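**Q** Would you mind keeping the following structure in view while I ask a few things?
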Amino acid sequence: MPLPISACIITLNEEDNISRCLSSLKFVDEIIVLDSGSKDRTKELAENFGAKFVFREFDDYVGQKNHVISLARNAWILSVDADEEISPDLEAEIREVLGGREPDEDGYSIPRLTMYMGKWIRHGGWYPNRRVRLFRKSKGRFIGEKVHESVKLDGKMGKLKNPVLHYSYQNLFDHVNFINSYSELAATEKFAKGKRSGLFLALAEAGYKSFWMYFVRCGFLDGRRGLILAVMGFYYNFLKYTKIFEMFLAEQIGKNTKKKGSKQD
Numbered sequence: 001m002p003l004p005i006s007a008c009i010i011t012l013n014e015e016d017n018i019s020r021c022l023s024s025l026k027f028v029d030e031i032i033v034l035d036s037g038s039k040d041r042t043k044e045l046a047e048n049f050g051a052k053f054v055f056r057e058f059d060d061y062v063g064q065k066n067h068v069i070s071l072a073r074n075a076w077i078l079s080v081d082a083d084e085e086i087s088p089d090l091e092a093e094i095r096e097v098l099g100g101r102e103p104d105e106d107g108y109s110i111p112r113l114t115m116y117m118g119k120w121i122r123h124g125g126w127y128p129n130r131r132v133r134l135f136r137k138s139k140g141r142f143i144g145e146k147v148h149e150s151v152k153l154d155g156k157m158g159k160l161k162n163p164v165l166h167y168s169y170q171n172l173f174d175h176v177n178f179i180n181s182y183s184e185l186a187a188t189e190k191f192a193k194g195k196r197s198g199l200f201l202a203l204a205e206a207g208y209k210s211f212w213m214y215f216v217r218c219g220f221l222d223g224r225r226g227l228i229l230a231v232m233g234f235y236y237n238f239l240k241y242t243k244i245f246e247m248f249l250a251e252q253i254g255k256n257t258k259k260k261g262s263k264q265d
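1 is the number of the first residue of the sequence shown in full-length UniProt numbering; add one for each residue after it.
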């Protein structure tokens, strides 16, 4: 008898993605959707698929993902993002490894294959982009801060070969908006840890990122999309480090203003 699996998803205004995601999870025993205040049809669509729909105020990605895991009733967790889909081959592989006996492994890393501008991206650091997605509830938890959350596995890890399919951005406008919001989170996190930056560092980090994506990780093999992604990588890093510089300037202005106020007193 196959081991029961709980699929765990966090959402916010995912009506464009959630149906595709949930349609690929018909083989699991439980689906839990943790929402942080969607204003679209996310709840309606999720409940139409029989998912358990729960609200929680968003704090950060780590907090949300650990909370949704805590709601699961089964011993095995499959963590999926709303803009992802379990490929048929991956479903078959999961069925095989959890097909009746307890495996030796406590979790499995799974590659992620991303669709960008109508094409699957296989270079530039975007693939295989392995992450632990399937794991025992008792052995895994998300760690990280505002960005780059990942599962810390307390046990033996295996590897699955078939990918999760990721439908990233609807268009360039969507990608730019994501970069703006994500760079803000990353800059805030780094600044709080003491990171400081100037324009030269911002340019150097941005240039290195695009060079690494396009040449080191062979982004040029993805054609024009690979070039676009390398430019976007430049933009993301430049924006992140420039925002750190802006935070530093604001901090200095605040200190100087406080000093002037103290002298006047």
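Where a beta carbon is used, it is the ideal one built from N, C-alpha and C, also for glycine.
All figures in this text were calculated on a predicted structure; none of them were measured in a lab.
With DSSP as the reference, identify every bridge partner of residue 33, one or two as the case may be.
**A** In the DSSP output, where bridge partners are listed per residue, residue 33 has 9 and 53.
**Q** What is the rounded straight-line gap between the Cα of residue 34 and the Cα of residue 71?
**A** 9 Å
**Q** Are there three or more Cβ pairs, one per stretch, closer than 8 Å when the region 91 to 107 is compared with the region 132 to 141?
**A** Yes, they touch.
**Q** In chain order, what residues of the same chain lie with their CB nearer than 6 Å to the CB of residue 41, ignoring the 5 residues before and after it?
**A** 15
**Q** Where does residue 38 fall in DSSP's three states?
**A** Three-state result, residue 38: coil.
**Q** According to DSSP, what are the bridge partners of residue 153?
**A** 140
**Q** Using 8 Å as the threshold, is the C-beta distance between residue 167 and residue 17 below it?
**A** In this structure, residue 167 lies near residue 17, with their beta-carbon atoms less than 8 Å apart.
**Q** Using only alpha-carbon positions, find the residue among 233, 244, 2 and 238 that is nearest to residue 100.
**A** 2
**Q** Could you tell me whether the region 146 to 158 touches the region 208 to 216, using the rule of 3 or more Cβ pairs below 8 Å?
**A** no
**Q** Can you give me the start and stop residues for the alpha helix (DSSP H) that residue 217 sits inside?
**A** Neither: residue 217 is in no alpha helix (DSSP H) and is coded neither H nor E.
**Q** I believe residue 243 touches residue 187 by the beta-carbon criterion, under 8 Å. Please report the beta-carbon distance rounded to the nearest angstrom.
**A** 4 Å
**Q** Assess contact between the region 122 to 137 and the region 41 to 56, defined as three or more Cβ pairs (one per stretch) separated by less than 8 Å. Is contact present?
**A** no
**Q** Spell out the partners DSSP gives residue 166 in its beta bridges.
**A** 84 and 114
**Q** Report all residues from its chain with a CB closer than 6 Å to the CB of residue 221; omit the five preceding and five following residues, and keep chain order.
**A** 123
**Q** Rounded C-beta distance between residue 173 and residue 206? I'm assuming under 8 Å.
**A** At roughly 21 Å, the Cβ-Cβ gap does not stay under 8 Å, so residue 173 and residue 206 are not in contact.
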